[in-house]
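Trainee: In our numbering, the protein residues as written are 2 to 360.
Note that the Cβ used here is the ideal one computed from N, Cα and C, for glycine as well.
This one's a predicted model, so the numbers in the text were calculated from it and none came from an experiment.
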């Protein structure tokens, strides 16, 4: 499974920790869990967040590198067009995936059907995102890599050579199916929280497995056009169980974002600016925008201008690439397109298109 798993997972930017010292990660996630525990009120919520705190403390100890890569492929075409931002963008039909707390902030309902081609079509992504109202959303994500060639040596008892060449003996497809249900609630007039439990099914060549995990998010509205969002992904270490008996744990990582909205030019033309950072409890070197011995992080930035109610123009910066896109709306229908340029790692461009309906 190793080479196949690497083929599927290495292109993503998210990296998991395996065998690192727990002191740095434990302190980092202990701080977040403690703050969440203090802010949330009520006896029931206190017990829930105390349990979260204990789970987060223990999760980093057995994390498996690359185990959570499949959960880093995000939905939302407008989010990708704006540099892969979205923790404070409540208009997205995929808001529940980005930050479940957004579902309590905005009660709109809608559905989005998305098709994505990553790395110039090497990996395809099909996603349905549904906001059903009452602070609830559902997301189903399908990832696939087709026509993967498995090889054997003509004589497996001998080493590879000019007289013993590999040949293709089988072609397989790697597939991942991830389903999540998100729920958000208001804790105060300006503070919201949410949770997104998720299930995953993985089929990699001749191997299969199941995963279970959850994300927790929060949203703060300080007023004057600002919004601040935070999401602790895989907060208790998402568990992935393979039919072979192997057990993997995805390392939690922290997502933070700040956005600002206002109308410009003395008219009703809204402008949205967003800045997001993904923070990992490990050193990732050149794979990250910034890195130290204990922490590393990626930067995302986005801009959206809406010159008319029917048109959205978007641009952004996504880790090491630039992105752009547009959205068209007619009554309750919408069409969105996003394009991400070829990154410096040479893995090719990504494009996404989606149809949406709001009610």
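Helix, strand or coil for residue 162 per DSSP?
Mentor: Taking the chain shown and counting its residues from 1, one reaches residue 162 at position 161. Three-state result, residue 162: strand.
Trainee: If you measure between the beta carbons of residue 353 and residue 78, is that distance less than 8 Å?
Mentor: Taking the first residue of the chain shown as 1, we reach residue 353 at position 352. Taking the first residue of the chain shown as 1, we reach residue 78 at position 77. Yes, the pair counts as a contact, with Cβ atoms nearer than the cut-off.
Trainee: Under 8 Å, do residue 87 and residue 138 count as touching if we go by C-beta distance?
Mentor: Translated into the one-based positions of the chain shown, residue 87 becomes position 86. Translated into the one-based positions of the chain shown, residue 138 becomes position 137. No Cβ-Cβ contact shorter than 8 Å links residue 87 with residue 138.
Trainee: Would a C-beta distance cut-off of 8 Å place residue 1 and residue 318 closer than the cut-off?
Mentor: Summary: the structure shown does not reach residue 1, with the chain confined to residues 2 through 360, and so no result is reported for it.
Trainee: Are the beta-carbon atoms belonging to residue 233 and residue 183 less than 8 Å from one another?
Mentor: Position 232 of the chain shown, counting from 1, holds the residue named residue 233. Position 182 of the chain shown, counting from 1, holds the residue named residue 183. No.
Trainee: If you follow the beta strand (DSSP E) that residue 360 is in, where does it begin and where does it stop?
Mentor: Here residue 360 refers to the residue found at position 359 of the chain shown. From DSSP, residue 360 is part of no beta strand (DSSP E); its letter is neither H nor E.
Trainee: Would you say residue 102 and residue 130 are within 8 Å of each other, going by their C-beta atoms?
Mentor: As a working note, residue 102 is residue 101 in the chain shown. As a working note, residue 130 is residue 129 in the chain shown. Taking 8 Å as the cut-off, the beta carbon of residue 102 is found no closer than this to the beta carbon of residue 130.
Trainee: Starting from residue 106, follow the alpha helix (DSSP H) in both directions and report where the run begins and ends.
Mentor: Here residue 106 refers to the residue found at position 105 of the chain shown. In the DSSP assignment, residue 106 falls within the unbroken alpha helix (DSSP H) covering 103-106.
Trainee: So, is residue 1 buried or exposed, given that buried needs 16 or more other C-beta atoms within 10 angstroms?
Mentor: No information on residue 1 is available, as it lies outside the stretch 2 to 360 that the chain covers here.
Trainee: Spatial neighbours of residue 154 within its chain, please: CB distance less than 7 Å, with the 5 preceding and 5 following residues excluded, ordered by chain position.
Mentor: Working through the chain shown from its first residue, we reach residue 154 at position 153. Taken in chain order, the residues that qualify are 161, 165 and 167.
Trainee: Can you list, in chain order, the residues of its chain with a C-beta nearer than 6 Å to that of residue 259? Leave out the 5 residues immediately preceding and following it.
Mentor: Numbered from 1 along the chain shown, position 258 holds the residue referred to as residue 259. Closer than 6 Å at Cβ, skipping near neighbours: 229 and 276.
Trainee: From the DSSP output, which residues share a beta bridge with residue 117?
Mentor: Within the chain shown, numbered from 1, the residue matching residue 117 stands at position 116. Paired residues: 126 and 353.
Trainee: Between residue 255 and residue 120, what straight-line distance do the alpha-carbon atoms span, to the nearest angstrom?
Mentor: Within the chain shown, the letter at position 254 stands for residue 255. Within the chain shown, the letter at position 119 stands for residue 120. Using only the alpha carbons, I get a separation of about 25 Å.
Trainee: Return the chain-ordered list of same chain residues with a C-beta closer than 8 Å to the C-beta of residue 244, the five sequence neighbours on each side being excluded.
Mentor: The residue given as residue 244 occupies position 243 in the chain shown. These residues qualify, in order along the chain: 208, 209 and 210.
Trainee: If you count every other CB in all the chains shown that lies within 10 Å of the CB of residue 60, and 16 or more means buried, which is it?
Mentor: Within the chain shown, numbered from 1, the residue matching residue 60 stands at position 59. A caution first: residue 60 carries a pLDDT of 47, below 50, which makes its placement in the model too unreliable to give a value.
Trainee: Answer with buried or exposed for residue 308, where buried requires no fewer than 16 other C-beta atoms within 10 angstroms of its C-beta.
Mentor: Taking the chain shown and counting its residues from 1, one reaches residue 308 at position 307. With fewer than 16 other Cβ atoms from the protein chains shown falling within 10 Å of its own Cβ, residue 308 counts as exposed.
Trainee: Please report the residue range of the alpha helix (DSSP H) in which residue 95 lies.
Mentor: Taking the first residue of the chain shown as position 1, residue 95 is located at position 94. Here residue 95 belongs to no alpha helix (DSSP H), and DSSP marks it neither H nor E.
Trainee: So residue 118 and residue 342 are supposed to be a Cβ contact under 8 Å. How far apart are they, rounded?
Mentor: Translated into positions along the chain shown, residue 118 becomes position 117. Translated into positions along the chain shown, residue 342 becomes position 341. The Cβ separation is near 14 Å, so there is no contact.
Trainee: Rounded to the nearest angstrom, what separates residue 242 and residue 311 at their Cα positions?
Mentor: Reading the chain shown from its first residue, position 241 is the one you call residue 242. Reading the chain shown from its first residue, position 310 is the one you call residue 311. Cα to Cα, the separation comes out at about 46 Å.
Trainee: Tell me which residue opens and which closes the alpha helix (DSSP H) that residue 80 is part of.
Mentor: For the purposes of this step, residue 80 is identified with residue 79 of the chain shown, where counting begins at 1. Run containing residue 80: 78-82, per the alpha helix (DSSP H) assignment.
Trainee: Does the segment 144-159 come within contact of the segment 170-189, defined as at least 3 CB pairs closer than 8 Å?
Mentor: yes
Trainee: Here's the rule: buried if 16 or more other CB atoms are within 10 angstroms of the residue's CB, otherwise exposed. What is residue 122?
Mentor: Translated into positions along the chain shown, residue 122 becomes position 121. Classification of residue 122: exposed, given that the 10 Å Cβ count is below 16.
Trainee: Please state whether DSSP places residue 25 in a helix, a strand or coil.
Mentor: Taking the chain shown and counting its residues from 1, one reaches residue 25 at position 24. Confidence at residue 25 is low in this model, with a pLDDT of 42, below 50, so its placement is unreliable and the value that follows should be read with caution. It is helical.
Trainee: Please report how far the alpha carbon of residue 291 lies from the alpha carbon of residue 128, in whole angstroms.
Mentor: Within the chain shown, numbered from 1, the residue matching residue 291 stands at position 290. Within the chain shown, numbered from 1, the residue matching residue 128 stands at position 127. Roughly 31 Å separates the two Cα atoms.
Trainee: Under three-state DSSP, which class holds residue 48?
Mentor: As a first step, residue 48 is located in the chain shown; it is residue number 47 there, counting from the start. Residue placement at residue 48 is poorly supported in this model, since its pLDDT is 43, which falls under 50; the coordinates still yield a value, given next. Looking at residue 48 - three-state DSSP - the assignment turns out to be helix.
Trainee: Write down the C-beta distance between residue 171 and residue 151 rounded to the nearest angstrom, noting that I regard them as a contact closer than 8 Å.
Mentor: For this step, residue 171 is matched to residue 170 along the chain shown. For this step, residue 151 is matched to residue 150 along the chain shown. About 4 Å; that satisfies the 8 Å criterion.
Trainee: Are the Cβ atoms of residue 298 and residue 288 separated by less than 8 Å?
Mentor: Mapped onto the chain shown, residue 298 falls at position 297. Mapped onto the chain shown, residue 288 falls at position 287. No, they are not a contact pair.
Trainee: So the beta strand (DSSP E) residue 264 belongs to, where does it begin and stop?
Mentor: Residue 264 sits at position 263 when you count from the first residue of the chain shown. Run containing residue 264: 254-265, per the beta strand (DSSP E) assignment.
Trainee: DSSP three-state label for residue 73, please.
Mentor: Within the chain shown, numbered from 1, the residue matching residue 73 stands at position 72. Residue 73 falls in the helix class under three-state DSSP.
Trainee: Taking the C-alpha atoms as reference points, what is the distance between residue 159 and residue 71?
Mentor: Locating residue 159 in the chain shown gives position 158, counting from the first residue. Locating residue 71 in the chain shown gives position 70, counting from the first residue. Cα to Cα, residue 159 sits roughly 36 Å from residue 71.
Trainee: Can the beta-carbon of residue 82 be found less than 8 Å from the beta-carbon of residue 324?
Mentor: Numbered from 1 along the chain shown, position 81 holds the residue referred to as residue 82. Numbered from 1 along the chain shown, position 323 holds the residue referred to as residue 324. Yes, they are a contact pair.
Trainee: Pull up the distance between the alpha-carbon of residue 257 and that of residue 316, whole angstroms please.
Mentor: Taking the first residue of the chain shown as 1, we reach residue 257 at position 256. Taking the first residue of the chain shown as 1, we reach residue 316 at position 315. Going from the Cα of residue 257 to the Cα of residue 316 covers about 19 Å.
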